[in-house]
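Novice: After the structure tokens below, expect a handful of questions from me.
Protein chains: 2
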Amino acid sequence: MPPLITTAIEDTLGALARARQRSLTIGLVPTMGALHAGHISLIRAARAETGFVVVSIFVNPTQFGPSEDFHRYPRPFDQDVQVCAAEGVDLIFHPDSGTLYPVGYQTYVEVHGLEEVLCGASRPGHFRGVVTVVCKLFNIIQPAVAYFGQKDAQQARIIQQMVRDLNLPLAIQVQPIVREADGLALSSRNQYLDANQRRQATVLYRSLEEVRELVNTGQRDAAILVQTMKNRIATAAAARLDYAAVVDFETLKPLERLHGQALVALAVYFGSTRLIDNILLKVDD
Amino acid sequence: MPPLITTAIEDTLGALARARQRSLTIGLVPTMGALHAGHISLIRAARAETGFVVVSIFVNPTQFGPSEDFHRYPRPFDQDVQVCAAEGVDLIFHPDSGTLYPVGYQTYVEVHGLEEVLCGASRPGHFRGVVTVVCKLFNIIQPAVAYFGQKDAQQARIIQQMVRDLNLPLAIQVQPIVREADGLALSSRNQYLDANQRRQATVLYRSLEEVRELVNTGQRDAAILVQTMKNRIATAAAARLDYAAVVDFETLKPLERLHGQALVALAVYFGSTRLIDNILLKVDD
Numbered sequence: 003m004p005p006l007i008t009t010a011i012e013d014t015l016g017a018l019a020r021a022r023q024r025s026l027t028i029g030l031v032p033t034m035g036a037l038h039a040g041h042i043s044l045i046r047a048a049r050a051e052t053g054f055v056v057v058s059i060f061v062n063p064t065q066f067g068p069s070e071d072f073h074r075y076p077r078p079f080d081q082d083v084q085v086c087a088a089e090g091v092d093l094i095f096h097p098d099s100g101t102l103y104p105v106g107y108q109t110y111v112e113v114h115g116l117e118e119v120l121c122g123a124s125r126p127g128h129f130r131g132v133v134t135v136v137c138k139l140f141n142i143i144q145p146a147v148a149y150f151g152q153k154d155a156q157q158a159r160i161i162q163q164m165v166r167d168l169n170l171p172l173a174i175q176v177q178p179i180v181r182e183a184d185g186l187a188l189s190s191r192n193q194y195l196d197a198n199q200r201r202q203a204t205v206l207y208r209s210l211e212e213v214r215e216l217v218n219t220g221q222r223d224a225a226i227l228v229q230t231m232k233n234r235i236a237t238a239a240a241a242r243l244d245y246a247a248v249v250d251f252e253t254l255k256p257l258e259r260l261h262g263q264a265l266v267a268l269a270v271y272f273g274s275t276r277l278i279d280n281i282l283l284k285v286d287d
Numbered sequence: 003m004p005p006l007i008t009t010a011i012e013d014t015l016g017a018l019a020r021a022r023q024r025s026l027t028i029g030l031v032p033t034m035g036a037l038h039a040g041h042i043s044l045i046r047a048a049r050a051e052t053g054f055v056v057v058s059i060f061v062n063p064t065q066f067g068p069s070e071d072f073h074r075y076p077r078p079f080d081q082d083v084q085v086c087a088a089e090g091v092d093l094i095f096h097p098d099s100g101t102l103y104p105v106g107y108q109t110y111v112e113v114h115g116l117e118e119v120l121c122g123a124s125r126p127g128h129f130r131g132v133v134t135v136v137c138k139l140f141n142i143i144q145p146a147v148a149y150f151g152q153k154d155a156q157q158a159r160i161i162q163q164m165v166r167d168l169n170l171p172l173a174i175q176v177q178p179i180v181r182e183a184d185g186l187a188l189s190s191r192n193q194y195l196d197a198n199q200r201r202q203a204t205v206l207y208r209s210l211e212e213v214r215e216l217v218n219t220g221q222r223d224a225a226i227l228v229q230t231m232k233n234r235i236a237t238a239a240a241a242r243l244d245y246a247a248v249v250d251f252e253t254l255k256p257l258e259r260l261h262g263q264a265l266v267a268l269a270v271y272f273g274s275t276r277l278i279d280n281i282l283l284k285v286d287d
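Below, the structure written as structure tokens:
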């Protein structure tokens with residue numbers, strides 16, 4: 003059966019009420035559409051663990067800065083519906099902006115401390131927009147489990163913090179990064195890259211793997227690891243570094259020496275396209 | 003049966019799950035304790051309309067400013083339990099600060115535009131704290147209906163806006179102000195007043211009633227109404243005006259001429275005790 007598609011909140015609530023009457027657990031995969039294998043891995047996890055899988059498709063204006071790519075962000079809706087149908091999605095929630103942000107809208111959720119660093123430093127207001135729309139989607143869909151990608155590590159961390167702090171009654175599942183054969187992390191923004199940029203874009207993955215190797219061989223000095231990434235990124239002529247960071251995964255604060263759960267994260271521009279990637283390293287000693 | 007009292011979130015969720023298994027609708031009356039006839043009117047509304055009445059009692063630190071009365075705020079818990087027992091409350095949720103704000107807590111909900119005016123101008127951060135804790139209580143208790151007093155008109159308006167904006171799945175009921183025989187609005191803070199202040203404190207009610215009379219006889223000029231209140235407050239030697247305002251109830255923005263739903267609101271200090279009161283006036287012409 004093809005997925006039901008709803009745009010209005012009331013229709014969505016009706017479909018969810020019917021699923022609950024059938025005692026189905028609800029799983030939510032919040033997306034901005036342009037679904038790729040990364041999203042599909044989230045949908046499959048939801049399909050395996052829950053009885054009624056909802057994919058939301060909404061390019062959320064409040065998480066884009068004024069000079070960012072909100073208008074050119076890809077919106078291949080028909081193709082996304084086909085992907086969802088093939089993956090056995092039950093419901094696609096596809097609201098428009100006026101549905102989620104009606105006239106007079108004025109409420110925002112903020113996770114202080116985690117929002118202002120890493121991607122938040124380059125994209126002021128971005129995580130406020132993400133957290134707010136995700137909170138709204140959680141309240142509308144009321145899933146038992148919601149699925150996010152490790153690719154957006156800071157986003158996943160912030161959403162986990164919001165869920166914990168606001169006592170939201172659901173579980174968050176974070177799924178591993180899905181990569182192209184050459185290591186490039188899947189992203190809806192990869193399609194912005196020209197052939198030369200695409201070739202050089204593997205430099206993010208290669209930088210992170212170089213850090214992993216160094217840590218495996220005992221390196222614990224974060225400054226050396228950061229410098230290693232900067233040097234590697236500098237070898238790609240089309241790349242312009244936004245940030246390279248080694249932070250504590252709980253606090254997202256810079257580490258001096260690696261210990262516990264460390265997030266090694268990169269953001270790199272190719273032209274006006276901004277790519278991110280990361281690895282999580284667990285260091286016991 | 004006396005009300006169940008829970009302090010831990012897990013115990014609370016357990017009690018609520020049992021109520022839901024019995025198909026009982028849940029009503030929530032969020033309070034800071036020191037229950038008076040105003041709170042009781044909320045509890046009775048909840049008792050009449052819902053099957054399982056929860057009263058939360060929590061003096062919320064995040065809504066008090068550093069120089070405000072958080073520490074001396076009354077906490078007559080045993081007496082509150084008796085009130086709840088007499089009113090047939092099912093569950094008292096009485097968490098401590100560490101339960102609602104564990105170490106590392108960092109998420110806040112903000113309703114921009116409505117928070118900074120009226121009481122928010124005198125109490126920066128107050129409504130951020132109110133809205134955040136109420137959002138948390140809604141997520142923990144998941145009531146079908148939550149009850150608030152018209153006495154805190156701005157609070158009620160802001161919470162309604164939050165519920166609408168964040169798509170929270172519950173209804174908000176606002177109950178009329180309960181007054182002493184001489185017109186003073188009930189408040190847990192009235193007990194701070196000495197005999198002389200208490201006598202003069204009716205000046206808030208008298209000011210509002212004077213405005214009502216003027217509006218009934220055709221006065222629509224908000225500046226004249228505000229000046230009338232200021233003059234009346236000035237007749238009470240122990241009173242010091244914080245604000246007197248005539249605002250649109252939807253936007254909380256000052257009106258020049260009365261039309262639609264107008265909120266006439268006052269905040270007045272007696273010594274360090276700050277009292278508030280208000281009336282809602284519906285003006286058709």
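Chains A and B, in that order, are what the protein sequence lines are. When we follow my numbering, the leftmost residue of the first sequence carries the number 3, and every step to the right adds one. When we follow my numbering, the leftmost residue of the second sequence carries the number 3, and every step to the right adds one. Where a beta carbon is used, it is the ideal one built from N, C-alpha and C, also for glycine. Keep in mind it's a predicted model, so treat the numbers as computed, not measured.
1) In terms of alpha-carbon separation, which member of A:Ala88, A:Leu282, A:Glu70 lies closest to A:Arg46?
2) Can you tell me the Cβ-Cβ gap for A:Ala240 and A:Phe272, rounded? I've got them flagged as a contact below 8 Å.
3) Work out the CA separation of B:Glu211 and A:Lys255 for me, nearest whole Å.
4) Would you kindly report the start and end of the unbroken beta strand (DSSP E) that includes B:Lys284?
5) For B:Pro63, which of helix, strand or coil comes out of DSSP?
6) At what residue ranges does the segment 71 to 144 of chain A contain a whole run of the alpha helix (DSSP H), taking only runs of 4 or more?
7) Check the Cβ-Cβ distances between B:Ile278 and every residue of chain A, and say whether any is below 9 Å.
8) Checking the sheet assignment: what are the DSSP bridge partners for B:Phe150?
9) Let me know if A:Ser274 comes out buried or exposed under the rule of 16 or more other beta-carbons within 10 Å of its beta-carbon.
10) List the residues of chain A whose Cβ lies closer than 8 Å to the Cβ of B:Ile11, in chain order.
11) In three-state DSSP terms, what is B:Asp13?
12) Just to confirm my understanding: we take B:Ala187, look at its own chain, exclude 5 residues before and 5 after, and list those with CB closer than 6 Å. What are they?
13) Under 7 Å, CB to CB, which of the residues in the segment 234 to 261 of chain A have a partner in chain B?
14) Residue ranges of each beta strand (DSSP E) run of no fewer than 3 residues wholly in the segment 3 to 50 of chain A, ordered along the chain?
15) In chain order, what residues of the segment 206 to 223 of chain A put their CB closer than 8 Å to some CB of chain B?
16) At which residues does the beta strand (DSSP E) containing A:Tyr245 begin and terminate?
17) Please list, in chain order, the chain A residues whose beta carbon lies closer than 8 Å to that of B:His114.
18) Under 8 Å: do the segment 97 to 113 of chain B and the segment 132 to 145 of chain B share three or more Cβ pairs, one atom per stretch?
19) On the three-state DSSP scale, how would you describe B:Ser58?
20) When DSSP labels each residue in this structure, what does A:Arg222 get in the three-state scheme?
21) What is the DSSP secondary structure of A:Ala183, counted as helix, strand or coil?
22) Applying the criterion that 16 or more other CB atoms from any shown protein chain within 10 Å of the CB defines a buried residue, is B:Glu117 buried or exposed?
23) May I ask which residues mark the beginning and end of the alpha helix (DSSP H) holding A:Gln157?
24) What residues from chain B crowd round A:Cys137, counting only those whose CB sits closer than 7 Å?
25) If you check the beta carbons only, do A:Arg214 and A:His261 fall under 9 Å apart?
26) May I have the straight-line CA-CA distance separating A:Thr204 from A:Asp250, to the nearest angstrom?
27) Using CA atoms only, rank isn't needed, just tell me which of B:His73, B:Pro68, B:Ala238, B:Val147 is closest to B:Glu51.
28) Where does the unbroken beta strand (DSSP E) through B:Gln263 begin, and where does it stop?
29) A:Asn198: buried (16+ other C-beta within 10 angstroms of its C-beta) or exposed?
30) Ignore the nearest five residues each way along the sequence and tell me which others in B:Ala17's own chain have a CB closer than 7 Å to its CB.
31) Does the beta-carbon of A:Pro68 have 16 or more other beta-carbons within 10 angstroms, so that it is buried, or is it exposed?
32) How about A:Val57 and A:His38: are their beta carbons less than 9 Å apart?
33) Would you grab the beta carbon distance between B:Leu44 and B:Tyr149 for me? Rounded to a whole angstrom, and I think it's under 8 Å.
Specialist: Once the coordinates are examined:
1) A:Ala88
2) 5 Å
3) 56 Å
4) 275 to 285
5) helix
6) 79 to 88, 99 to 102, 121 to 124, 128 to 143
7) no
8) B:Val176
9) exposed
10) Asn169
11) helix
12) Lys153, Ile179, Arg181, Asp279
13) none
14) 6 to 8, 28 to 33
15) none
16) 241 to 250
17) Gln108, Thr109, Tyr110
18) yes
19) strand
20) coil
21) coil
22) buried
23) 155 to 167
24) Leu168
25) no
26) 25 Å
27) B:Val147
28) 262 to 272
29) exposed
30) Leu6, Thr8, Leu93
31) exposed
32) no
33) 4 Å
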